[in-house]
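Accompanying notes for the structure given below.
In the numbering used here, the protein residues as written are 1 to 703.
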């Protein structure tokens, strides 16, 4: 082991001495461009375990060693050292990269560079280290632009070996629209428990974190999730943002157990259609020159980058030569939010360079009356009149936190695995296609569903269509009922809406239809309701990924069980722009509380809140208001013996001022058919027209 615990390796390192090794500027200042290869110091974000100002040394290597050689074809490149190393140790020689690929190549002494084995603090493992590397990249780019020196901003690259490979991958994650190509050589892909806590039988690496929440080096689930390069939900975010970087990952098959993490990363990245190219080195690939082992060292890491990167980075005449098509994150001045189990890591580019922070999830103060939405508890105790959207946004966060006290937390980001859609049946129904399929909702469970699409290929390839998620009532028929294949023929709304031109998806609720599910706590859910919410969130992922669907025009409709699950989905997923709930709710004070307490629903209402509506920390008026300013329609039957219609009217009245606050009062509607617990023809027609109205044109977005 060396440094903080990296496996030892024999490397051929080709580095040239820098012409200047002095500090160019004082701390907290951004240095100017050196005229030739030099070391500079840039300000860095504070490391909480070392309070106070912090700086990072950056080694600058120009083509030919001089700034004057940088031209309109010259790109920018990070070459990042290994765990515990400094300068260019364990990575590709930066001057060779600068000369071979026509790049300004930077080595960054990021956080904990050169730390000794005696260091007592835990190893950062790629988070602040990646922010350090990104700051170095921002600095060189900003200085070139400031002095109007030409360079090619569409050619931004990174490479790294071992710990540097981890940092390169993390930099691409935290700045997903910035890099053109990333080359990872045996980098660690995730902060596994064996590395974090030095468990026996693992890699032998020791990052010195603690499992004890009372310890100053405690590793939270959130901190571990952000350091997982291939965290599924974070990959999904990268894809949605338009990440186009080609990732070359080079890993020896004998580098165990971390090789299995590399296989997992490739599988997950491919699942989210990100551009990853694996080079898994077998013993027969060892040539004694470029590759000397199929283990962790790999071989000559400079030669590896030159060999594998040549066609992408170094040959403009190559058809595979890469230039990034997107505006880099530095210029967007946006904040990127990477959701974790108990909050979110936010990377802010408001100043151009990245600043990271963790936003903890909200804790809801106790509200005495969940039908009174006229105030917010601003400091958990003081009532403040609700006068602005910001006031409501704070209360809305309280509502979601209160709901999760009962339903359990929304699953962490690692639950958002690739959908892996599998089609079992494809039937033509006149102008429609009905696909019977299943999708992977979480690591352990697949959800069966029916998907309705236009049958005509030209129609399907035409303008993108609105889509509606169709949620069934409590019935053994499950998804077959809204699909028109079984059950009550008046509830075939997935088929009806498909005939009206919508793409529709009807999934099975857990334990109903063909979705076998036992609600055991080991699955990771506190309640059947939260499992249903997660399955439906993933159904929206499926719709969003369909080429026929306009992702800005997705709605949800459900009856009874599907009616309240439509509300729950609308509260948790802002991609849903219109919600229709038929016979799905009334305030808890006018409901039968024990009926909510089965494992399929919200068992904590009984076990923790004693079936007492006064103790349950949320109610439906708050949930309906939390959908604002998106469209909501309640179809509440006058003679419904499950959900009291007067309670529905009171709920709508309570929520209306919040919709008015957004100028969206017209988006809140209710109809009251004169029937029992049903969704009669006239009410369905009104619901369909409501969806037509709010999804045919681009709807207003909201929280």
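Cβ atoms here follow ideal geometry from the backbone N, Cα and C, with glycine treated the same way. Just so you know, these numbers come straight off a predicted model, no measurement behind them.
Give me the Cα-Cα distance between residue 32 and residue 542, rounded to the nearest whole angstrom.
-> Numbered from its first residue, the chain shown carries residue 32 at position 32. Numbered from its first residue, the chain shown carries residue 542 at position 542. Distance between the alpha carbons of residue 32 and residue 542 is about 48 Å.
Limits of the beta strand (DSSP E) - the one that residue 426 falls within = In the chain shown, counting from the first residue as 1, residue 426 sits at position 426. Here the beta strand (DSSP E) through residue 426 covers 422-429.
Cβ pair residue 606, residue 633 closer than 9 Å | Against the chain shown, residue 606 aligns to sequence position 606. Against the chain shown, residue 633 aligns to sequence position 633. Going by C-beta atoms, residue 606 is not nearer than 9 Å to residue 633.
For the alpha helix (DSSP H) that contains residue 269, what are its first and last residues?
-> Along the chain shown, one-based indexing puts residue 269 at 269. Residues 258-271.
So, residue 185 versus residue 290, is the Cβ gap smaller than 9 Å?
-> Taking the first residue of the chain shown as 1, we reach residue 185 at position 185. Taking the first residue of the chain shown as 1, we reach residue 290 at position 290. Not in contact: residue 185 and residue 290 (Cβ atoms no closer than 9 Å).
Helix, strand or coil for residue 79 per DSSP?
-> Here residue 79 refers to the residue found at position 79 when the chain shown is read from its first residue. The DSSP-derived three-state label of residue 79 is strand.
So, using beta-carbon positions, are residue 397 and residue 364 closer together than 9 Å?
-> Taking the chain shown and counting its residues from 1, one reaches residue 397 at position 397. Taking the chain shown and counting its residues from 1, one reaches residue 364 at position 364. Contact flag set, yes.
Whole runs of the beta strand (DSSP E) within the segment 434-491, excluding any shorter than 3 residues | 445-454, 465-471
Are residue 113 and residue 94 touching if we call contact CB-CB under 9 Å?
-> Reading the chain shown from its first residue, position 113 is the one you call residue 113. Reading the chain shown from its first residue, position 94 is the one you call residue 94. No, they are not a contact pair.
Nonlocal neighbours in the same chain, by C-beta distance under 7 Å from residue 298, ignoring five residues either side | Within the chain shown, residue 298 is the residue found at index 298, counting from 1. For residue 298, where only same-chain residues beyond five positions count, the Cβ hits under 7 Å are 185, 186, 250, 252, 281, 291, 304.
Buried or exposed for residue 639, please, with buried defined as at least 16 other CB atoms from any protein chain shown within 10 angstroms of its CB.
-> As a first step, residue 639 is located in the chain shown; it is residue number 639 there, counting from the start. Residue 639 counts as exposed, since fewer than 16 other C-beta atoms from the protein chains shown sit within 10 angstroms of its C-beta.
Verify the CB distance criterion: does residue 582 have a CB-CB separation below 9 Å to chain E?
-> Although the question refers to chain E, the structure presented lacks it and comprises just one protein chain.
Residue span of the beta strand (DSSP E) that contains residue 277, given as start and end | Mapped onto the chain shown, residue 277 falls at position 277. Residue 277 -> beta strand (DSSP E) spans 276-281.
Tell me the DSSP bridge mates of residue 251?
-> Here residue 251 is taken as the residue at index 251 of the chain shown, counted from 1. 280, per the DSSP bridge assignment.
Separation of residue 83 from residue 612, as counted between CA atoms | As a first step, residue 612 is located in the chain shown; it is residue number 612 there, counting from the start. As a first step, residue 83 is located in the chain shown; it is residue number 83 there, counting from the start. Taking the straight line from one Cα to the other gives about 55 Å.
Go through the segment 520-545 residue by residue and report every complete run of the alpha helix (DSSP H) that reaches 4 residues or more, in order.
-> 528-545
What residue ranges within the segment 573-637 form continuous alpha helix (DSSP H) runs of no fewer than 4 residues, ordered along the chain?
-> 604-607, 620-627
Where do the ends of the alpha helix (DSSP H) carrying residue 318 lie?
-> Residue numbering aside, residue 318 sits at position 318 when the chain shown is read from its first letter. Note, residue 318: premise wrong, no alpha helix (DSSP H); not H, not E.
Should residue 602 go down as buried or exposed, given a rule of 16 or more other Cβ atoms within 10 Å for buried?
-> On the chain shown, residue 602 is found 602 positions in, with the first residue counted as 1. When all chains shown are included, residue 602 counts as buried.
Coarse secondary structure for residue 61, derived from DSSP in three states | Numbered from 1 along the chain shown, position 61 holds the residue referred to as residue 61. Secondary structure of residue 61 (DSSP, three-state): strand.
Using the beta-carbon count (16 or more within 10 Å), is residue 381 buried or exposed?
-> Walking along the chain shown from the start, residue 381 turns up at place 381. Exposed, by the Cβ-count rule.
Where DSSP assigns a beta bridge to residue 358, which residues make up the other side?
-> As a position in the chain shown, residue 358 is number 358, starting the count at 1. Looking at the DSSP assignment, residue 358 forms a beta bridge with 345.
Inter-residue spacing [alpha-carbon to alpha-carbon] between residue 479 and residue 449 | For the purposes of this step, residue 479 is identified with residue 479 of the chain shown, where counting begins at 1. For the purposes of this step, residue 449 is identified with residue 449 of the chain shown, where counting begins at 1. Each residue's Cα considered, the two are about 6 Å apart.
7 Å Cβ shell around residue 550 - same chain, five flanking residues per side excluded = Locating residue 550 in the chain shown gives position 550, counting from the first residue. Result list for residue 550: 464, 465, 466, in chain order.
Buried versus exposed call for residue 682 [16 or more other C-beta atoms within 10 Å across all chains shown] = By 1-based counting over the chain shown, the position of residue 682 is 682. Exposed, since its Cβ has fewer than 16 Cβ neighbours within 10 Å.
Between the segment 564-583 and the segment 514-526, are three or more C-beta pairs nearer than 8 Å?
-> no
Look at residue 452 and residue 497 and say whether their C-beta atoms are less than 9 Å apart.
-> By 1-based counting over the chain shown, the position of residue 452 is 452. By 1-based counting over the chain shown, the position of residue 497 is 497. Result yes, Cβ atoms of residue 452 and residue 497 sit closer than 9 Å.
Neighbourhood of residue 391 by C-beta, 7 Å cutoff - its chain only, sequence neighbours within 5 removed | Position 391 of the chain shown, counted from the start, is the residue given in the question as residue 391. The residues are 376, 384.
Assuming residue 154 contacts residue 333 (C-beta within less than 8 Å), just tell me the rounded distance between them.
-> Reading the chain shown from its first residue, position 154 is the one you call residue 154. Reading the chain shown from its first residue, position 333 is the one you call residue 333. At roughly 19 Å, the Cβ-Cβ gap does not stay under 8 Å, so residue 154 and residue 333 are not in contact.
For residue 30, the three-state DSSP class (helix, strand or coil) = In the chain shown, counting from the first residue as 1, residue 30 sits at position 30. If DSSP states are grouped into helix, strand and coil, residue 30 belongs with coil.
Please classify residue 287: does DSSP put it in a helix, a strand, or coil?
-> Mapped onto the chain shown, residue 287 falls at position 287. Here residue 287 sits in coil by DSSP.
Keeping to the same chain, check which residues put their C-beta closer than 6 Å to that of residue 228; ignore five residues upstream and five downstream.
-> Within the chain shown, the letter at position 228 stands for residue 228. Excluding residues within five positions, the ones whose Cβ falls inside 6 Å are 190.
Around the C-beta of residue 146, are 16 or more other C-beta atoms found within 10 angstroms, so that it is buried, or is it exposed?
-> Counting from 1 along the chain shown, the entry for residue 146 is found at position 146. The residue is exposed, with fewer than 16 neighbouring Cβ atoms inside 10 Å.
Out of 419, 157, 149, state which residue places its alpha-carbon closest to the alpha-carbon of residue 272.
-> Taking the chain shown and counting its residues from 1, the one referred to as residue 272 is at position 272. Comparing Cα positions, the closest option is 419.
Which term fits residue 424, buried or exposed, when burial requires 16 or more other beta carbons within 10 angstroms of its beta carbon?
-> Translated into the one-based positions of the chain shown, residue 424 becomes position 424. Residue 424 counts as exposed, since fewer than 16 other beta carbons sit within 10 angstroms of its beta carbon.
Taking the continuous alpha helix (DSSP H) assigned at residue 219, which residues delimit it?
-> The count along the chain shown starts at 1 and reaches residue 219 at position 219. Careful: residue 219 lies outside any alpha helix (DSSP H) and carries neither H nor E.
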